[in-house]
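Quick note, the sequence shown lines up with residues 306 to 467 if you use our numbering. Structure, as structure tokens:
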Amino acid sequence: MNQLIHSKLLICSCRNSLSQIYKNLVDLSLYIENTSIIMEMRKLTKEEERVIIHKGTECPFTGKYDDFFQKGTYVCKRCGQPLYSSEAKFDAGCGWPAFDKEFPGAVKRVPDPDGMRTEIECAKCGAHLGHVFTGERFTKENTRHCVNSISIEFIKEGEGNE
Ligand SMILES: [Zn+2]
306 MNQLIHSKLL
316 ICSCRNSLSQ
326 IYKNLVDLSL
336 YIENTSIIME
346 MRKLTKEEER
356 VIIHKGTECP
366 FTGKYDDFFQ
376 KGTYVCKRCG
386 QPLYSSEAKF
396 DAGCGWPAFD
406 KEFPGAVKRV
416 PDPDGMRTEI
426 ECAKCGAHLG
436 HVFTGERFTK
446 ENTRHCVNSI
456 SIEFIKEGEG
466 NE
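Below is the structure:
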């Protein structure tokens, strides 16, 4: 692929068409960008795929972060995007990890087709995280992100590339 772009650039410079060279450079940078997005995606197990891609739900009280309160950051299992700080985690007693606030812009809200609930996704890669509920008054944020443990990965404070 790189060789192909290289020879395209070579042909264009012979023709002396600056706009064409520019267009090829744009194509090249888009290609590099797309490749790096693909490279960052982690390969998922069957169960991760069921939840993260097919929007499934793990059984309550079974996820590894349900009863887990260490200091650190929770990132997207698939693309590594930081989603929640442990500071935002609270015990809602519902059987899934609960957070009252995401990092700014990290989570996308999408209404469920039935109009009953609001789905939450990783804003970067679209991985299904769970659902968000408001008005329950658990914390002062009055918001509960109900997240599948399998959709996220915990990085202990001071570890990883934070
Ligand atoms: Zn992601």
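Even for Gly, the Cβ is constructed at its ideal location relative to N, Cα and C.
Confirm the yes/no value for this check: CB of residue i, any heavy atom of ligand 1, distance under 7 angstroms.
i       : result
Cys-393 : Note on residue identity: the sequence assigns Ala, not Cys, to residue 393. No.
Arg-383 : yes
Gln-325 : no
Gln-375 : no
Ala-403 : no
Lys-360 : no
Cys-427 : yes
Cys-430 : yes
For a test of the three-state rule: what should DSSP assign to residue i, helix, strand or coil?
i       : result
Glu-345 : helix
Ile-358 : coil
Lys-406 : coil
Lys-351 : helix
Lys-328 : helix
Glu-467 : Legend: pLDDT at Glu-467 = 48, less than 50; position of this residue unreliable, no value from coordinates given.
Which residue or residues does DSSP assign as beta-bridge partners of residue i?
i       : result
Pro-387 : Val-380
Phe-374 : The partner list for Phe-374 (beta bridge, DSSP) is empty, contrary to what the question assumes.
Lys-461 : Gly-377
Phe-366 : Answer is none; Phe-366 lacks a bridge partner.
Using the rule of at least 16 other Cβ atoms within 10 Å of the residue's Cβ for burial, across every protein chain shown, is residue i buried or exposed?
i       : result
Thr-378 : buried
Gly-368 : buried
Phe-366 : exposed
Asp-396 : exposed
Lys-461 : exposed
Ser-456 : buried
Glu-464 : exposed
Arg-442 : exposed
Asp-371 : buried
Examine chain B for any beta-carbon lying closer than 8 angstroms to the beta-carbon of residue i, and answer yes or no.
i       : result
Lys-413 : As a matter of chain content, chain B is missing from the structure shown, which is built from one protein chain.
Completely contained beta strand (DSSP E) runs for the segment 412–458, where each covers 3 or more residues: 412–416, 423–427, 433–439 and 448–452
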